[in-house]
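Worksheet: one structure, shown below.
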Amino acid sequence: MNEKLFRTQFNHMDASEKQKLMEALTVPIYHGFLPPRSREKRIDLTPRLYAQRGERIHLTFLPLRPDCGNDPQWEDWNCYRSILTIGWPDCERLLIPALRQLFPVKDPTNGEVQEEFDLCFDNWIGKEDWERWILLVRDSLLSMTAEEAAFLRSILEWMETALTHTSAMIVESNL
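Heads up, the sequence shown is in the working numbering, so the first residue is 616 and it goes up one at a time.
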């Protein structure tokens, strides 16, 4: 699967291209952590449904390196082979409603409670909460269009695969 497919707008893909995208987000080359101080470049996966090419406002999903202790540094959540970046229109319509339902959550690294999803900063979310979010999204798929459901399934598949490598994921927002 070449990276160019990820740069194509999801809603302009035919059915076979959409299937390839969904399969590609779980390909092993996109998962796992890079070695410390690696010069290997991460892959930015940016599937889009409603977001336009070049969307500047987005959420980025970053798995946390599992062996970083309880004082993680920037390098500990910026070292996964692929990062998932979702443009704001897709987040607003399809991801954030279920994310808001999760809160309050307990920060998996220090135990502090985060009362609500922060649209302007980092959100530290543990594996159990991500698993609840996955269930919330799966439950909502029947009420969505076929394109929205396919788009969300691809994100869920990436998320589920990433969660086999980590116990926490950070969602960075640049709103």
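All C-beta atoms, glycine included, are put in the ideal place defined by N, C-alpha and C.
- Measuring C-alpha to C-alpha distances from Asp691 to each of Pro678, Thr700, Leu699, Trp703 identifies Pro678 as the nearest.
- Val786 is bridged by DSSP to Phe676, Asn738.
- Here Gly702 is buried: its Cβ has 16 or more other Cβ atoms, across all protein chains shown, within 10 Å.
- Of all alpha-carbon atoms in Tyr695, Arg747, Ile740, the one lying nearest the alpha-carbon of Asn725 is that of Ile740.
- The closest CA to that of Asp686, considering only Ser769, Ala777, Gly647, Pro723, is found on Pro723.
- In its chain, beyond the 5 residues on either side, Leu717 have a beta carbon closer than 8 Å to the beta carbon of Arg747.
- Taking 8 Å as the upper bound for CB-CB distance, Cys694 and His673 are not in contact here, some 20 Å apart.
- Around the beta carbon of Thr760, fewer than 16 other beta carbons lie within 10 angstroms, which makes this residue exposed.
- Separation of Glu655 and Phe648 (C-alpha to C-alpha, rounded to the nearest whole angstrom) is 11 Å.
- Taking the Cα of Leu709 as reference, the smallest distance to any Cα among Pro681, Glu762, Pro719, Met784 is reached at Glu762.
- Taking all protein chains in view, the Cβ of Arg652 is surrounded by fewer than 16 other Cβ atoms within 10 Å, so the residue is classified as exposed.
- Scanning its chain for C-beta atoms nearer than 6 Å, with the 5 sequence neighbours on each side dropped, one finds around Cys683 the residues Asp691, in chain order.
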